[in-house]
DNA sequence: GATGAATGAGCTTTCATTCAT
DNA sequence: GATGAATGAAAGCTCATTCAT
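Chains as they are written, first to last, in our numbering: chain E, 113 to 311; chain B, 113 to 311; chain Z, 113 to 311; chain W, 113 to 311.
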């Protein structure tokens with residue numbers, strides 16, 4: 113039954129995801145994963161060679177999830193005025209705050225816990241960061257092409273700048289304790305900061 | 113014997129700092145620390161209740177070190193023109209890159225390893241981030257006071273923006289592989305980005 | 113379906129024989145056996161109560177195989193002169209060396225691995241040894257009966273002596289590294305040694 | 113305290129020796145060793161890197177013990193007549209039977225269990241066998257030099273022959289169930305067998 | 001104060017065996 | 001009869017911490 117085993121895998125990855133997010137990778141034993149999934153030790157090792165192996169899948173799905181949540185349906189080509197670009201950036205920042213608020217464990221795990229596990233997982237995070245940076249650059253390049261951004265803009269480096277604002281927003285979110293008003297004020301300030309820099 | 117005791121503490125913290133930076137907290141055993149310090153297990157526990165306890169001191173001294181290295185002698189009040197402020201920011205970014213290059217282990221430990229250990233150490237890192245942000249805000253507030261920056265600038269949030277650029281620079285450095293030219297280009301772009309946003 | 117069932121058994125025993133000889137009993141899992149046989153775990157337990165159980169059959173067939181290979185077509189009654197007896201002994205030693213060279217895994221398994229598994233399998237090996245000893249005695253008894261060996265020969269104990277030479281030959285073979293010349297010289301010396309002792 | 117730790121090592125080796133002899137290496141867990149020694153798991157790993165490591169020491173001491181017990185005080189040069197050589201050989205065989213009777217577990221462990229563990233330990237046993245063979249050859253070479261054995265005797269191969277008798281005696285002993293009379297009869301027969309072959 | 005041998009709970013991983021399909 | 005996913009006891013090993021000297 114191909115189906116059965118595929119479900120088990122998903123079930124285990126989900127369980128691992130859950131306990132990793134709650135306690136971190138190093139503080140989580142295989143016993144925690146299998147207890148959460150409701151299966152035995154042996155079953156775990158029927159699906160994954162070792163604890164490190166399931167981390168890869170958790171990381172991949174987590175990174176995919178974050179990318180989807182944050183960039184979402186926004187396409188770099190959608191904006192045709194700088195106002196629309198600002199709106200896109202505002203939407204992204206809004207989704208960042210929403211994500212951090214809704215899934216603080218996941219975000220902390222992917223961004224703060226995972227990079228510390230080993231070099232492999234650090235590289236995986238840096239790849240995520242790079243993808244974010246490239247996406248930001250693509251948004252800016254669209255603006256330059258359509259003429260509503262400075263033609264001499266170094267889109268690559270400015271993309272890093274945008275990225276840094278997104279990371280800053282995440283950190284602010286993780287830090288917690290922002291009222292909805294402060295959050296909106298921060299978003300607006302970041303949008304303004306970014307748009308002045310590139311227009 | 114107050115002196116002798118204090119020296120031992122320092123000696124142990126220094127040793128711990130060294131091995132933590134080289135291998136990370138979780139991969140470091142108490143045995144690594146005491147071997148590096150040249151003392152016995154028992155002695156360690158005469159000075160620190162447990163392994164977690166010495167981490168606090170290592171973190172504090174590491175954070176202090178980084179703050180000193182990066183902010184250095186620059187005082188928020190030093191700049192009296194926007195050109196001087198730009199020069200200060202340029203100097204800070206230059207020192208960030210230099211620090212990451214000179215002490216990659218330390219930076220990786222404080223920024224990537226430590227936050228993952230437990231909530232306590234995460235909070236300690238966030239405090240560092242906040243201090244950086246406040247310092248950045250102070251630089252900007254000086255500019256507003258002296259009139260060479262927009263009077264309606266939200267210095268607090270703009271400080272976060274500056275901070276995010278600094279973090280981005282660190283990440284870029286950790287990612288490695290930047291040629292001196294690319295590094296300088298990035299610094300200039302970040303300085304320009306920041307100054308357009310606040311002037 | 114008696115036939116089908118019997119074939120499966122043989123197939124499994126043959127597979128087990130193969131993997132046991134290649135890797136030893138303790139290093140072989142049931143999964144290795146069933147993979148070699150191309151059946152499932154469940155099927156294995158339809159034919160054998162447990163892993164230990166199939167060992168018995170492997171051991172029996174292995175012991176039979178060795179006995180056949182070494183003693184072969186030689187019958188105790190065949191010799192009617194001491195020269196013919198010597199020729200028989202020479203043929204047996206030659207086949208011993210040939211067997212060790214052709215099937216080192218099997219010999220090592222039966223002689224070195226199997227006795228260590230548990231007392232039951234040790235006893236099985238000792239039975240093999242005893243059978244060899246009795247066969248050797250039968251060869252000698254034939255010589256005494258026909259008058260070409262000393263009439264006061266204690267055939268039972270002298271049989272043990274012959275046996276010990278055969279074991280020594282096997283050990284020499286397992287030890288390896290004998291050139292064909294050395295091998296022939298050893299065989300001749302053993303034959304001479306034996307014949308002087310009994311004539 | 114150099115003394116304390118040295119004693120612990122010995123205590124652990126002795127305990128391991130004991131449980132290995134009683135149950136075999138594979139059936140013995142580290143927990144069995146430490147229970148026998150009355151120490152904790154951790155202590156075991158303070159003295160030995162792993163379970164395989166203590167086996168080496170047990171094997172070395174066991175092999176030394178057997179060599180001492182069997183060859184004992186007899187020196188190859190002691191015999192000056194073939195009668196004295198026969199007496200030496202008789203003494204050795206007597207000690208072999210005595211050893212097997214007194215320490216059946218040790219003998220079974222060293223000769224039947226250890227060789228099956230891995231190639232390293234098999235080689236260790238073959239080294240023991242070789243030492244025995246060389247010793248036997250030395251006894252014979254002394255006889256040839258002094259002129260009471262055939263001058264054309266191939267002492268090396270005849271040594272193997274003697275060795276094979278010793279091994280046969282050990283196997284007989286392990287097989288068990290010999291009455292004192294049978295034992296003596298076997299010894300005498302073996303001595304006679306050997307002496308006819310070499311005289 | 002300093003030592004380091006001793007501790008033991010806890011970890012990851014293996015594998016012979018079972019049983020629902 | 002055949003399958004193979006599920007089981008769980010048990011293995012080897014680590015390491016922060018204690019305590020008698």
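Idealized CB from N, CA, C, for every residue including glycine.
Beta carbon of residue i nearer than 7 Å to that of residue j
i, j, result
"residue 308 of chain B", "residue 217 of chain E", "no"
"residue 250 of chain B", "residue 188 of chain B", "yes"
"residue 170 of chain E", "residue 129 of chain E", "yes"
"residue 137 of chain E", "residue 229 of chain E", "yes"
"residue 200 of chain E", "residue 191 of chain E", "yes"
"residue 145 of chain Z", "residue 131 of chain Z", "yes"
"residue 287 of chain E", "residue 238 of chain B", "yes"
"residue 248 of chain E", "residue 271 of chain E", "yes"
"residue 221 of chain E", "residue 143 of chain E", "no"
"residue 245 of chain B", "residue 275 of chain B", "yes"
"residue 266 of chain Z", "residue 301 of chain W", "yes"
"residue 227 of chain E", "residue 224 of chain B", "yes"
"residue 311 of chain B", "residue 152 of chain B", "no"
Member of the options whose CA lies at the smallest distance from the CA of residue i
i, options, result
"residue 198 of chain W", "W/145, W/290, W/209, W/260", "W/260"
"residue 269 of chain B", "B/178, B/306, B/194, B/162", "B/306"
"residue 119 of chain Z", "Z/156, Z/235, Z/135", "Z/156"
"residue 258 of chain B", "B/126, B/196, B/152", "B/196"
"residue 172 of chain E", "E/143, E/264, E/140, E/125", "E/125"
"residue 213 of chain Z", "Z/135, Z/193, Z/295", "Z/295"
"residue 179 of chain B", "B/242, B/168, B/299", "B/242"
"residue 233 of chain W", "W/115, W/149, W/166", "W/166"
"residue 299 of chain E", "B/163, B/273, B/215, B/115", "B/273"
"residue 264 of chain W", "Z/304, Z/163, Z/235", "Z/304"
"residue 235 of chain W", "W/127, W/154, W/168, W/135", "W/168"
"residue 231 of chain W", "Z/139, Z/115, Z/262, Z/127", "Z/139"
"residue 215 of chain W", "W/252, W/177, W/116", "W/177"
Contact the segment 275-284 of chain Z vs the segment 271-280 of chain W: 3+ CB pairs below 8 Å: yes
Minimum length 4: unbroken alpha helix (DSSP H) runs contained in the segment 128-176 of chain B: 142-149, 153-159
Residues of the segment 126-155 of chain B whose Cβ lies closer than 8 Å to any Cβ of chain E, in chain order: 136, 138
The segment 174-186 of chain E in contact with the segment 200-220 of chain E per 3-pair CB rule at 8 Å: Enough Cβ pairs lie closer than 8 Å, so yes.
Where the segment 261-272 of chain E meets chain B: residues whose CB sits under 8 Å from a CB there: 266, 269, 270, 272
Where the segment 275-291 of chain B meets chain E: residues whose CB sits under 9 Å from a CB there: 275, 276, 277, 278, 279, 280, 281, 283, 284, 286, 287
Uninterrupted alpha helix (DSSP H) stretches inside the segment 200-231 of chain E (no shorter than 4 residues): 216-220
Members of the segment 211-240 of chain Z that neighbour chain W once the beta carbon cut-off is set at 7 Å: 224, 225, 227, 228, 234, 238
Residue ranges of each alpha helix (DSSP H) within the segment 219-290 of chain B, 4 or longer: 231-258, 267-287
Short-range partners of chain Z found in the segment 154-180 of chain W, where Cβ spacing is below 9 Å: none
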